[in-house]
Amino acid sequence: MNQISVFDSPKPVFSPAEAQRLLVRDYGVEGTLTELVSERDQNFLVDSPAGKFVLKIANAAEDLDFLALQNAVMKHIERADPELGLQRVVTTKEGDETVQWDHGTSRHAVRLITYLPGELYSAASNSPALLESLGTFMGRLSRALKGFGHPAAFRPGFLWNLDEVMTVKPWLSDIVPERRDLVARIFARYEARVLPSLSTLRGAVLHQDANDNNIVVDAATSTVAGLIDFGDMTHGRQINELAVTLAYGLLDVADVYQSAAPLIAAYAKVFPLEAEESTILFDLVAARLAMSVCISSRRAKEFPDNDYLLVSQAPAFRLLERLDRTNPEFFAAFTRHAAGLAPIPTSDAVVEWLSSPDCSPHAMFDVDLDRSGRILLELNSGAPGMEHAADPQAYWNWLKARLHDEDARFAIGLYGEVRDVYKGEQFATAASPEWRSQHLGQDIFIAAGTALRAPLAGKVLSVVDNALPYDYGPTVILEHRAGANGTLFWTLYGHLSRETLAMVKEGQQIAAGQLIGSIGEHTVNGGWAPHLHFQIITDRLGQSGEFPGVGQPTLWPVWRAISPDPNLILRLAPESFSHDRTPPDVLLKRRAEVLGPSLSISYRKKLKIVRGRGAYLYDHTGRAFLDGVNNICHVGHSHPHVVEALNRQATILNTNTRYLHDTILDYAERLGSCFPKPLSVVYLVCSGSEANELALRMARTVTGRRATITLDWGYHGNTNGLIDVSPYKFNRKGGRGKPDYVEIAELADPYRGQFKGYGANSGIAYAASVAEKVELIRETTGHGPAAFIAEAISGCGGQVFFPDAYLKTAAEHVRKAGGLVIVDEVQTGFGRVGNHMWAHGPQGIVPDIVTLGKPIGNGHPMAAVITTPEIAKAFANGMEFFSSFGGNPVSAAVGMAVLDVLEQEDLQAKARVTGDYLKARFTALAEKHPLIGHVRGQGLFLGVELVKDQVTLDPATEEAGLIANDMRNHGVLISTDGPFDNVLKIKPPMTFRLREADILADALEAAMVRV
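Its first residue numbered 2, the sequence shown is counted upward by one per residue in our numbering.
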């Protein structure tokens, strides 16, 4: 028979006494019968000495094949999952599973099944644990039925089959008028979201009626113990089973999400969902409820005396209203997450592309956020400034004052921050009592009118004015692709100016860097202090023109997939998003207590540097500073290849040179090969000072002499022996003057010295001073000097490059007297000057000893001395040379990595190109600013000398200090040097490129204007 006749046919009406008589006759079971509630059948609870049973008397119109299906299912599950709590069929005395009973003119199929003890789910106290238990039980049921099939399971036209939702749509007219539109919207949702994919979904035989009066709970453990009533069983889409379970399980729950999540998760853990099923689960939940109220409304008209038909309408309508007011696409994302799937399938691909080198976002503001000061805001009750929260102008005035006080250009409102200030109705949610309060974007508070540029190429999806109070105001949404032919994603820009609405139009193609709007002030931007709300969107959830800017905190994993961290595009330093508990003023106090006062610290406004990358240093607030002075981190701060080499070797071995090790020898050979012959013997030590000490010891041991010639303003290290040959130290404050065995030759300064220019004549003339000191030593000691030591470029002398032929001529004078020539390349080597690997290269000299340090290990403490085999042999006089950590395997690995980077990234050639460009920029500045007396240098070792008078060369010491500090305040680090501290020294990491050169030159020009 068809299913409609079951509803049309009256239910059985056997009396308890009559049923008892027949039960004894056919089953031999005698006991007390209690009638149970049922819609279209008649059921009795049988309490007998043999135990409890359920006597099921089918409607006269019931299909016997369908009853056979129910019996077959129970037997199948008993085999597939014996422990699953389901009833079992009890056979008659004759061994039959079904028997026929007559009543009047009707004949009814009768079965006896076992009784499941426990309380009904409707009487149990709901809890996440119970919901999880229900999900597990239903997952086991689906798993057990996976291989089951039966002809009677196919029930065309069966009203309760979710595959047949549209069958009951004509009954909308039976629903009370005030609810009709609601249910109509649910049908429309089903038609739009479910029907197109229905045929592609998995099919199975389903119980399809896990309502709270069919689920049995073990009261002792508060877990689901069983499931009864297979009367709605049918073949349908597999996902319908879970949808029906949820439709009943979510009636009148306080929080749909918090109730559904454990149930879905537990179900999917046992019986995994497919992504397509997860996407439409809540559409099916709503459809089941719509079917229920349609059928019950229709039956209520047909059978007005059957109160059972309207039992669940009120809670069903309440849940329908909540589902109707909740975005179905968000429900889909929520379900996927609960089921252990990616909430947004494309989100990971978008994040991966945004994080990749292929994505290079353009700056969104003409203000360089990276190098600008910033402050971090907290937008919660009681936070600083929030006393002005109700007045956007007052808040902006407070914020402007704070920005000024902290030398900041902008303020940050955090992505992911839970903000208790979001309490308006627009932040309430239908499916949950939880407010949407966790911020999905990143706020950049910056002056109204500030131009806004597109960070990525794309097209304008929408330009609208969301003009409601506390909304976005003028809003732009751009559409992008994650790479060529990649997945779509969107970026949202809220709280813009009214002028923005005319700057771009829907469908317009936008280039990266193109102007797309400007920041709005509070009268047009929704009523907020001027700021940009910037948000990434991986799934628009079917919306256009606007999008939620906050989400529920408990659903953050879902929202985070929908709107990933905007900093993937903004790319502000991670330190920007947390408060440092030990800012500079705190550390200064500690430093004064625990570190010696002889240690200096740079800049008037002290810096706490916490991280470095490439040519940039980052302070505790995340502000980037272009490093124009740190030549130690030669191939860039924290270069990954160097860091990896250090880490790799440190995890294996670190010891000393008393053991044989390949890496030490490999490195020594490679380093030695960078020098002209006969320089080839390598000594590895730990610092530039140790290298220069060893060089002097060699010279004095080999020559048997002690007297040393050094250059004025030379600096070679911090040991006692090196202070003695460093006029920069011994002739300044705290110094004791020149020792008797040291002579100071004139600094060959082509700008400030007596011989002008860089020609060979000037170099030869300056070298005469060295010859004079050789003769003076010969007169006082009876022999020549042990050594002449000179930096390849005089750093502390003011970034002084020697004139041609100077070192070569000076070396000839020294060697003629039997002395050795030591060139100190501790600051200057490894390709920094661009045209040569070593800064002494342009001088046409092969020193006897070369010392290396600082850049050799990119900040790792290592150094080297390079000399000739002849000198090395002479030095080996029986006294051992040993440096405990010099040449250790870790340092050797680091040194090798530095050489790798120099070669692989062609840094020497790039230093030449960038240095030439930067020097040209400085030279152009000198033509406009007479404060610049001289620009000098090669590659990335440059000096800009400032003078008050171009003729007298009166040093502009104060101005140099002001400029260095001003540039620091604008995100560029340089320093001063020279005898008068009037030379701006520029010797950045070799990763400096033309972009960095422009930043530095622009900052210098701006500083000179301000100073």
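C-beta atoms are modelled at their ideal positions from N, C-alpha and C, and glycine is treated no differently.
Here the structure is a predicted model, which means the values were calculated and not measured.
So what's residue i in DSSP terms, helix, strand or just coil?
i: residue 208; result: coil
i: residue 27; result: helix
i: residue 467; result: strand
i: residue 235; result: strand
i: residue 102; result: strand
i: residue 120; result: strand
i: residue 901; result: helix
i: residue 806; result: coil
i: residue 765; result: helix
i: residue 617; result: strand
i: residue 753; result: coil
i: residue 136; result: helix
i: residue 459; result: strand
i: residue 674; result: coil
i: residue 833; result: coil
i: residue 3; result: Its pLDDT being 43, under 50, residue 3 is placed unreliably by the model, and the measurement read from it follows with that caveat. Note: residue 3 maps to coil in three-state DSSP.
i: residue 439; result: strand
i: residue 296; result: helix
i: residue 510; result: strand
i: residue 857; result: helix
So residue i and residue j are in contact, right, with Cβ under 8 Å, and what is the actual spacing, rounded?
i: residue 565; j: residue 419; result: With 8 Å as the limit, residue 565 and residue 419 do not qualify as a contact, their Cβ atoms being about 18 Å apart.
i: residue 675; j: residue 886; result: Rounded, the Cβ-Cβ distance is 23 Å, inconsistent with contact.
i: residue 893; j: residue 664; result: 4 Å
i: residue 788; j: residue 700; result: 4 Å
i: residue 195; j: residue 265; result: The pair is not a contact, with the Cβ atoms about 17 Å apart (cut-off 8 Å).
i: residue 555; j: residue 258; result: 7 Å
i: residue 374; j: residue 408; result: 5 Å
i: residue 294; j: residue 314; result: 6 Å
i: residue 461; j: residue 508; result: 6 Å
Report the rounded CA-to-CA distance for residue i versus residue j, giving the unit in angstroms.
i: residue 92; j: residue 112; result: 8 Å
i: residue 16; j: residue 105; result: 13 Å
i: residue 4; j: residue 167; result: Here residue 4 scores only 46 on pLDDT, less than 50, and its place in the model should not be relied on; the value that follows carries that caveat. In a straight line, the C-alpha of residue 4 is about 16 Å away from that of residue 167.
i: residue 2; j: residue 229; result: Because residue 2 sits at a pLDDT of 38, beneath the cut-off of 50, its placement in the model cannot be relied upon, and the following sentence gives the value as read from the coordinates. Taking the straight line joining both Cα atoms gives about 24 Å.
i: residue 440; j: residue 255; result: 24 Å
i: residue 90; j: residue 224; result: 24 Å
i: residue 1006; j: residue 926; result: 7 Å
i: residue 377; j: residue 588; result: 20 Å
i: residue 290; j: residue 324; result: 10 Å
i: residue 114; j: residue 58; result: 11 Å
i: residue 201; j: residue 207; result: 17 Å
i: residue 900; j: residue 519; result: 47 Å
i: residue 590; j: residue 836; result: 45 Å
i: residue 766; j: residue 874; result: 35 Å
i: residue 742; j: residue 722; result: 11 Å
i: residue 629; j: residue 368; result: 20 Å
i: residue 363; j: residue 486; result: 20 Å
i: residue 41; j: residue 263; result: 33 Å
i: residue 24; j: residue 320; result: 42 Å
Which residues does DSSP pair with residue i in a beta bridge?
i: residue 791; result: 824
i: residue 866; result: 684, 852
i: residue 444; result: 414, 534
i: residue 475; result: 466
i: residue 956; result: 948
i: residue 986; result: 944, 976
i: residue 744; result: 710
i: residue 494; result: 477, 535
i: residue 628; result: 974
i: residue 454; result: 516
inquiry  = At 4 residues or longer, what runs of the alpha helix (DSSP H) sit wholly inside the segment 311-335?
reply    = 314-325
Segments of 3+ residues assigned as beta strand (DSSP E) that fall wholly inside the segment 159-234 = 204-207, 216-219, 224-228
key: Uninterrupted alpha helix (DSSP H) stretches inside the segment 889-950 (no shorter than 4 residues)   = 890-905, 908-929
key: Any beta strand (DSSP E) of 3 or more consecutive residues that is wholly inside the segment 9-66   = 33-37, 43-49, 52-58
key: Within the segment 529-596, ranges of the beta strand (DSSP E) (whole runs, at least 3 residues)   = 532-538
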